[in-house]
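Worksheet: one structure, shown below.
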């Protein structure tokens with residue numbers, strides 16, 4: 009009798025499991041909204057600890073080369089001439105062909121002047137453009153500079169001098185304007201870098 | 004068809020010329036229909052798959068939900084290099100896609116989309132479709148052999164074993180409505196179901212036979228969970244591993260065209276054809292008939308896709324066991340049971 013019970017058991021289990029599976033896939037088909045996003049038009053906001061492109065607060069930097077020494081792949085090139093306490097900057101560049109985004113350069117900085125943003129769109133058509141001169145930030149418009157400051161503050165979890173800055177018209181960190189400014193800044197910088 | 008010939012004779016063409024013109028027009032329109040349908044079905048398959056897997060699927064090509072994705076794919080396939088394995092049999096390799104496609108293409112000529120709207124009104128319509136669809140297996144074996152590749156050959160052998168095995172339950176299950184209606188002509192099924200309601204509800208054996216035919220037709224179309232001939236995880240892509248470009252697209256076209264034929268047979272023989280409601284019909288206006296039939300066909304194509312993304316692929320022995328141990332005996336039970344019901348004069352829920 010066991011064989012016969014197995015035979016009919018197989019039939020009923022085949023039908024019931026197929027029906028159950030079809031019910032599950034129908035639920036996904038009909039009711040679950042897609043969890044993927046349409047990338048170029050929709051973007052994921054990376055977490056605050058995301059390790060993206062670097063930014064440098066040039067006025068704070070003391071040319072100590074600790075970040076370059078900490079770098080496991082030697083992708084940071086620094087060159088400055090000291091005139092007493094003032095520095096004449098020649099170069100502070102990161103070669104993103106080498107960079108492994110390990111973030112070793114960030115905690116060693118004694119004056120906390122180098123940071124990593126959450127900018128992740130690093131694709132370029134020009135490999136030479138991947139050596140980024142962080143000094144070009146200083147050539148940014150004031151509002152872009154403020155966006156960088158805001159990004160740094162957000163990165164560090166500092167609630168920014170929001171009241172004062174926003175009174176001056178700086179975009180709220182994480183807001184749409186802030187994002188737009190950041191993207192504009194990155195684009196401008198990439199253009200300069202590859203030129 | 005006869006009306007088309009009369010139309011061309013009215014234009015002043017002689018007998019043979021009018022006949023050739025009518026056939027040429029039919030074949031051209033059928034080819035156009037199959038191509039457009041296959042493009043739509045491929046897009047639909049990708050969208051159904053995507054939404055079942057909680058994705059979007061193609062969204063960029065064409066403005067609305069990637070509708071032009073299949074067109075773009077077709078253009079790509081047209082311009083791809085046509086590779087022929089140097090060690091293979093060139094002639095068989097060259098002719099196999101045509102043989103495969105011809106089998107399914109010929110099946111289309113017997114499908115009635117409405118009263119009189121079919122290319123040839125065959126008295127053995129069901130038999131013809133079943134018989135001509137088997138030609139496809141020869142083409143697949145040709146393709147597998149001519150490719151000179153172990154994956155292709157394995158795929159072709161699996162295809163042959165599977166399709167030949169599943170033709171037994173499919174044909175036996177199709178005999179059940181034929182027994183009830185008493186005709187092989189597809190138009191007669193529509194007329195019968197207009198009077199008596201859908202055959203799937205006519206008696207319980209027909210319900211089971213419809214299920215058996217649907218499962219067997221899945222195997223006949225090489226659709227999941229019976230997609231062993233092109234099992235991607237085992238055989239690269241089975242019998243068409245070595246094919247590229249336009250020849251590959253013929254296999255693709257064939258798969259979707261055979262899905263259409265199988266769905267059309269299911270809809271016509273069991274689910275009322277162009278009769279809209281399960282309790283019969285005949286009152287639907289004639290222009291609506293193809294719309295009703297094609298929407299039913301697309302429903303069954305959707306179920307085929309739905310099943311594909313629900314069930315995992317069976318093992319070879321499981322496929323064979325399912326065919327011979329479960330479907331064949333039950334198809335015969337249905338045949339004998341339906342004959343008994345007919346003899347006793349039972350059945351006919353709505354007649």
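Chains as they are written, first to last, in my numbering: chain A, 9 to 203; chain B, 4 to 354.
Here a beta-carbon is modelled for each residue, glycine too, at the ideal position from N, C-alpha and C.
Closer than 8 Å at the beta carbon, the chain B residues around residue i
i: residue 36/A; result: 54, 55, 56, 57
i: residue 42/A; result: 53, 54, 57, 58, 59
i: residue 26/A; result: 310, 313, 314
i: residue 12/A; result: By Cβ distance, chain B contributes nothing, its closest Cβ being about 12 Å from residue 12/A, past 8 Å.
i: residue 114/A; result: None at all; the shortest Cβ gap to chain B is about 36 Å.
C-beta contact flag for residue i and residue j at 8 Å
i: residue 139/B; j: residue 106/B; result: yes
i: residue 108/A; j: residue 124/A; result: no
i: residue 136/B; j: residue 331/B; result: no
i: residue 74/A; j: residue 142/A; result: no
i: residue 313/B; j: residue 10/A; result: no
i: residue 76/A; j: residue 112/A; result: no
i: residue 98/A; j: residue 87/A; result: yes
i: residue 214/B; j: residue 272/B; result: no
i: residue 241/B; j: residue 83/B; result: no
i: residue 307/B; j: residue 262/B; result: yes
i: residue 207/B; j: residue 315/B; result: no
i: residue 77/B; j: residue 64/B; result: no
i: residue 102/A; j: residue 83/A; result: yes
i: residue 162/B; j: residue 184/B; result: no
i: residue 259/B; j: residue 44/B; result: yes
i: residue 304/B; j: residue 266/B; result: yes
i: residue 46/B; j: residue 23/B; result: no
i: residue 295/B; j: residue 277/B; result: yes
i: residue 44/A; j: residue 40/B; result: no
i: residue 89/B; j: residue 189/B; result: no
i: residue 34/B; j: residue 252/B; result: no
i: residue 292/B; j: residue 117/B; result: yes
i: residue 14/B; j: residue 25/B; result: no
i: residue 89/A; j: residue 119/A; result: no
i: residue 146/B; j: residue 216/B; result: no
i: residue 60/A; j: residue 127/A; result: yes
Strand pairing of residue i, partner residues [DSSP]
i: residue 85/A; result: 101/A
i: residue 124/A; result: 62/A
i: residue 139/A; result: 103/A
i: residue 94/B; result: According to DSSP, which records beta bridges pairwise, residue 94/B is partnered with nothing at all.
i: residue 95/A; result: 90/A
i: residue 283/B; result: 280/B
9 Å Cβ cut-off: residues of chain A touching residue i
i: residue 327/B; result: Near residue 327/B there are no residues of chain A at all, since even the closest Cβ is about 13 Å away, more than 9 Å.
Partners in chain A for residue i, counting only beta-carbon separations shorter than 8 Å
i: residue 309/B; result: 30, 33, 34, 37
i: residue 404/B; result: Residue coverage of chain B in this structure runs from 4 to 354, which leaves residue 404/B outside it and unanswerable.
i: residue 62/B; result: 46
Contact set between residue i and chain B, taken where Cβ atoms lie within less than 9 Å
i: residue 19/A; result: 329, 333
If the cut-off is 8 Å on Cβ atoms, which residues from the region 280-295 of chain B count as contacting chain A, listed in chain order? none
Beta carbons nearer than 8 Å to chain B: which residues of the region 47-70 of chain A have them? none
Three Cβ pairs or more, each shorter than 8 Å: is that satisfied between the region 115-130 of chain B and the region 91-100 of chain B? no
Taking three-plus beta-carbon pairs below 8 Å as touching, is the region 229-248 of chain B in contact with the region 149-157 of chain B? yes
The region 52-60 of chain B / the region 37-47 of chain A touching (three or more Cβ pairs under 8 Å): yes
Check whether the region 162-169 of chain B and the region 332-352 of chain B touch, using three or more Cβ-Cβ pairs below 8 Å as the test. no
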